[in-house]
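Beneath this line is the structure, given in structure tokens, with notes to follow.
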Amino acid sequence: MRLTTPRVLVLLGAAALITGGASAILGAQQKPGIFGFSPAEAKTELSWEQKFRAIPEPANIRANMEHLSSEPHNVGSPQQHVYAEWILNKFKSYGLDAHIEEFRVLFPTPAERKVELISPVHYEAKLKEPPVPGDPTSGQATQLPTYNAYSADGDVTAPLVYVNYGVPEDYAQLAKMGISVKGKIVIARYGRSWRGIKPKLAHQHGAIGCIIYSDPRDDGYYQGNTFPEGPFRPEWGVQRGSVMEMERYPGDPETPGWGSTPGAKRLPLNQVTNLEKIPVLPISWGDALPLLKALGGPMAPDSWRGALPIPYHVGPGPATVHLVVKSNWNVVPAYDVIAKITGSTYPNEWVIRGNHYDGWVNGAADPISGQSSLLEEARAYGELMKEGWRPKRTIIYCAWDGEEPGLLGSTEWAETHEAELQKDGVVYINSDTNGKGYLSMEGSHTLEHFVNQVAKAITDPETGESVWIKLDTRDRNRARTPQQMADIFDGNDLHMGALGSGSDYSAFLQHVGMPTLALSYGGEDPGGVYHSVYDDFYWYTHFGDTTFEYGRALAQTYGTAIMRLADADVLPFQFSDFADTVARYETQLEALAKGPAGMPGFDFVPLTQAITTVQDAAHDYDAAAAAAVRDGRVFRKSPAELATLNQLLYHSEQKLLSPAGLPQRPWYKHTIYAPGYYTGYGVKTMPGVREALERKDFKTAAAQETALADALNAFAAQIRQATAQVQD
Ligand SMILES: [Zn+2]
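Just so it is clear: in the sequence shown, position 19 is 24 by my numbering, and no numbers are missing.
The following block contains the structure:
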């Protein structure tokens, strides 16, 4: 292991804070106001921000949700078009310049579904979520049936095998037990992986069908009372969801890498590579119980047992299952609603904010909780504009369609506008489901310090302190060792998480190379209605952020972040956070290579050299920028000179892309952040090298290390240019 200098500083970070060392000096640089603003401008900015934060009203967020979750509204449904027009008119009524962009996307819906136990006893699965008394929207006629979108069509009959979560470790365990799934139908429980990984791995191990169920241990009665008495998944509740292989590429499967505008070229369905190869259906635990009960064979290992009142056997058989899945493979319209406030000084620099508005069914939590706050932010800008406020940069608000099946609306929009985004895109900021509790901060680590600063300006509705203090208190109390502390806190900032996939930021970050943030609140409102008919207004107003005060906090958080990004003379990038982060990732890779599954002797020198180069360049830029801000020199630059500097900053993320993309999935070009090829949503940092090391594929790991080192060196060179510019 090679300990780099900044990592030593990270380890000492907490001590430095106490003794008033390096951190105190860094803190002093921030004192006059906000980084990137001259003292006079900071004063103006802070007063506008304060005005902004006073505007969002929980009652409005609640009203937005009540309307936008009153009917089922999946992509392609007539109701979704009604909502698109409603959102469009809202944006316009707030004074934003809004329009709808339409795409054509492949969206399969159920034509035939059957899960039938044919021996030793007969049971036909209901595959239906019943209405719940007292919940007015739980029985609506236009609900999309329970299914997994992009399942293969098929009609199969075979003995059943229980595979736990159906992740790689589970197949290793089955192999140890001498059990093969070849020619069988597997039943896996939801959890531990993105759901599309389960049928993919089942197919790779020779299974011919896959059933996924929600075990009550994971989100049902084992956790607490079930809906409608409590928030958890009831007996017949089913998690719908996509099983598209989004870890290959998201978006419309028939237009990989280009926008599916009306009339665009489309791949024929039989040339699409990211669809599941076997039929797969999700079921409730009510439907899973007779199937699991009919399994024989050895007992499942302890950790595989759920909370159903049965002995968990693995099989295979004697339970034999008949599974039928057939879809209507339709191309449907997707409507992205795009609204703009043109910047006064830098109209060609775009701060972009998005949240999807399509749901699997009513989708009150996912995604309308986030969408309702987004609309309230837009209203607040409208109010400020009436008082004379105008952002220096252009702010673009996006309500995405078709996120649930595979990030369709956002990906197609980003692919269509790729060249403009790579030129003009400053930052992309995403939200999705929002709830009650703690701020979650994920994104590009070049913005880690910035996000920390914003979090310190937002008041937590429960504690009355900042949301940063609430998060800091929880996280630092969890640390047991100095290393754990260093992983949480660097003496100044709480570390941000890295982004994998699972929401609309993917195309912006991992394909286009825009700096990206994803923030939300949650952690104090657990539940089990995800992607079911019960994720509705009744559930949210009984068990979610019931007062909508965290909806307001989200609007305040984003409004503050966006105003700062839109108005800063010098954009608030800080590269040493990023450099420290990649150094930590590199240490993990070395441990991986040394570990029992690793490859001792792998040469990390090209990577460690590149990281040192980045660390030096980052340190120089951060120091130079702080000095130029402190003495006010940078604020005497002309808008054109500042634009040149800022462009170097926000284009830096693009340098982290590798032109060839990741092995087996060239759509994903980011060398630092990607969803895992075998974990799905979960992030793999330095994915090209890490996944090759995990597979013990020495040749690919070395080639990916070269691509990664090249990207980091290009990134460092870009920062050096910015340093020269800031000192100029
Ligand atoms: Zn969502």
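Backbone N, C-alpha and C fix where the C-beta goes; we use that ideal spot for every residue, glycine too.
For this session: Name the two residues that bound the continuous beta strand (DSSP E) containing GLY442.
Result: For the purposes of this step, residue 442 is identified with residue 437 of the sequence shown, where counting begins at 1. 442-448 is the span of the beta strand (DSSP E), which, as asked, contains GLY442.
Exercise. What's the gap between the Cα of ARG638 and the Cα of LEU647?
Worked result: Here residue 638 refers to the residue found at position 633 when the sequence shown is read from its first residue. Here residue 647 refers to the residue found at position 642 when the sequence shown is read from its first residue. Near 12 Å, if we compare the C-alpha coordinates of LEU647 and ARG638.
For this session: Check whether the Cβ of HIS78 lies closer than 7 Å to any heavy atom of ligand 1, and answer yes or no.
Result: Your numbering for residue 78 matches position 73 in the sequence shown. Flag unset: Cβ of HIS78 not near ligand 1.
For this session: Run the proximity test for SER525: is its beta-carbon closer than 7 Å to any non-hydrogen atom belonging to ligand 1?
Result: As a first step, residue 525 must be located in the sequence shown, where it is residue number 520. Every heavy atom of ligand 1 is 7 Å or more from the Cβ of SER525, so no.
Problem set entry | Proximity test, ASP437 beta-carbon vs ligand 1 heavy atom, cut-off 7 Å | In the sequence shown, counting from the first residue as 1, residue 437 sits at position 432. Checking every heavy atom of ligand 1 against the Cβ of ASP437, one is found closer than 7 Å.
Exercise. What does a CB cutoff of less than 6 Å around GLY229 pick up in its chain, not counting 5 residues either side in sequence?
Worked result: Within the sequence shown, residue 229 is the residue found at index 224, counting from 1. Excluding sequence neighbours, GLY229 sits near GLY235 and PHE237.
Exercise. Relative to ligand 1, is the shortest distance from any of its heavy atoms to the C-beta of PRO4 smaller than 7 Å?
Worked result: Shown here, the chain extends from 6 to 733; a query on residue 4 therefore has no answer.
Exercise. With a cut-off of 8 Å, does the C-beta of GLU382 fall near any C-beta of chain B?
Worked result: The chain inventory of the structure shown lacks chain B, comprising one protein chain alone.
Problem set entry | Straight-line gap, PRO37 to PRO44 (C-alpha atoms, nearest Å) | Taking the sequence shown and counting its residues from 1, one reaches residue 37 at position 32. Taking the sequence shown and counting its residues from 1, one reaches residue 44 at position 39. Note that PRO37 scores 45 on pLDDT, short of 50, meaning its location in the model is unreliable and no value can be drawn from it.
Exercise. Looking at ALA623 and PHE580, is the spacing between their C-beta atoms short of 8 Å?
Worked result: Taking the sequence shown and counting its residues from 1, one reaches residue 580 at position 575. Taking the sequence shown and counting its residues from 1, one reaches residue 623 at position 618. Yes, the pair counts as a contact, with Cβ atoms nearer than the cut-off.
Exercise. Between which two residues does the beta strand (DSSP E) carrying LYS119 extend?
Worked result: For the purposes of this step, residue 119 is taken as residue 114 along the sequence shown, with counting starting at 1. Taken as a continuous stretch (DSSP letters only), the beta strand (DSSP E) holding LYS119 covers 102-124.
For this session: Report yes if the C-beta of ASP492 is less than 7 Å from at least one heavy atom of ligand 1; otherwise report no.
Result: One-based indexing of the sequence shown puts residue 492 at position 487. ASP492: no, Cβ never under 7 Å from ligand 1.
Exercise. The beta strand (DSSP E) spanning SER525 covers which residue range?
Worked result: Sequence index remark: in the sequence shown, residue 525 carries index 520 (1-based). Note, SER525: beta strand (DSSP E), 521-528.
Problem set entry | GLU470 Cβ short of 7 Å to ligand 1 heavy atom set | Mapped onto the sequence shown, residue 470 falls at position 465. It does not: the Cβ of GLU470 is nowhere closer than 7 Å to a heavy atom of ligand 1.
Problem set entry | Of the residues TYR443, GLU529, ILE92 and THR676, the one placed nearest TYR340, counting alpha carbons only | Taking the sequence shown and counting its residues from 1, the one referred to as residue 340 is at position 335. Comparing Cα positions, the closest option is ILE92.
For this session: Output the distance between the C-alpha atoms of VAL254 and LEU661, rounded to the nearest integer angstrom.
Result: Here residue 254 refers to the residue found at position 249 when the sequence shown is read from its first residue. Here residue 661 refers to the residue found at position 656 when the sequence shown is read from its first residue. Per the sequence shown, the amino acid found at residue 254 is Tyr instead of Val. C-alpha separation (whole angstroms): 18 Å.
Exercise. Can we say the stretch 545-565 touches the stretch 159-174, given the rule of at least three CB pairs closer than 8 Å?
Worked result: no
Exercise. Residue range of the beta strand (DSSP E) that GLY359 falls in?
Worked result: The sequence position of residue 359 within the sequence shown is 354, counting from 1. 351-361 is the extent of the beta strand (DSSP E) around GLY359.
Exercise. Within this structure, are the beta carbons of GLU281 and PRO173 separated by less than 8 Å?
Worked result: Walking along the sequence shown from the start, residue 281 turns up at place 276. Walking along the sequence shown from the start, residue 173 turns up at place 168. Contact flag unset, no.
Problem set entry | Three CB pairs or more closer than 8 Å across the stretch 214-233 and the stretch 189-200 | yes
For this session: Check each candidate in VAL337, ASN275 and LEU206 and name the one with the smallest Cα separation from GLY268.
Result: Start at 1 with the first residue of the sequence shown, and residue 268 comes out as number 263. The residue with the shortest Cα to Cα distance from GLY268 is VAL337.
Exercise. Less than 7 Å between the CB of PRO372 and some heavy atom of ligand 1, yes or no?
Worked result: As a position in the sequence shown, residue 372 is number 367, starting the count at 1. Yes; taking the cut-off as 7 Å, the Cβ of PRO372 has a heavy atom of ligand 1 nearer than that.
Exercise. Just checking, does the stretch 648-655 make contact with the stretch 564-580 on the three C-beta pairs under 8 Å criterion?
Worked result: yes
Exercise. Does the separation of the CB atoms of SER74 and ALA369 fall below 8 Å?
Worked result: Here residue 74 is taken as the residue at index 69 of the sequence shown, counted from 1. Here residue 369 is taken as the residue at index 364 of the sequence shown, counted from 1. The answer is yes: Cβ separation under 8 Å.
For this session: Helix, strand or coil for PRO164, going by three-state DSSP, please let me know.
Result: Position 159 of the sequence shown, counting from 1, holds the residue named residue 164. The answer is strand: DSSP assigns PRO164 an E or B state.
Problem set entry | Contact set for TRP309: own chain, Cβ-Cβ below 7 Å, skip 5 residues either direction | Taking the first residue of the sequence shown as position 1, residue 309 is located at position 304. If we look at TRP309 and ignore the five residues flanking it on each side, its Cβ neighbours are ASN169 and TYR317.
For this session: Would you be able to state if there are at least three C-beta pairs under 8 Å between the stretch 408-424 and the stretch 352-362?
Result: yes
For this session: May I ask you to check if the CB of GLU447 is nearer than 7 Å to at least one heavy atom of ligand 3?
Result: The model on display carries ligand 1 but not ligand 3.
For this session: Drop a sphere of 10 angstroms on the beta-carbon of ASP636, count the other beta-carbons inside from all chains shown, and report buried for 16 or more, exposed for fewer.
Result: As a first step, residue 636 is located in the sequence shown; it is residue number 631 there, counting from the start. So ASP636 ends up on the exposed side.
Problem set entry | Closest by C-alpha distance to ASP140, when choosing among ALA708, TYR539 and LEU570 | Counting from one through the sequence shown, the residue named residue 140 turns up at place 135. Of the candidates ALA708, TYR539 and LEU570, the one whose C-alpha sits nearest the C-alpha of ASP140 is TYR539.
For this session: Compare the C-alpha of GLU699 against each of GLN593, HIS210 and ALA207 and name the closest.
Result: Residue 699 sits at position 694 when you count from the first residue of the sequence shown. For GLU699, the nearest C-alpha among the options comes from GLN593.
Exercise. With a CB to CB cut of under 6 Å and the five nearest residues on each side skipped, what residues in its chain are close to ALA714?
Worked result: By 1-based counting over the sequence shown, the position of residue 714 is 709. If we look at ALA714 and ignore the five residues flanking it on each side, its Cβ neighbours are PRO611, LEU612 and ALA615.
Exercise. With a cut-off of 8 Å, do at least 3 Cβ pairs link the stretch 294-306 to the stretch 258-278?
Worked result: no
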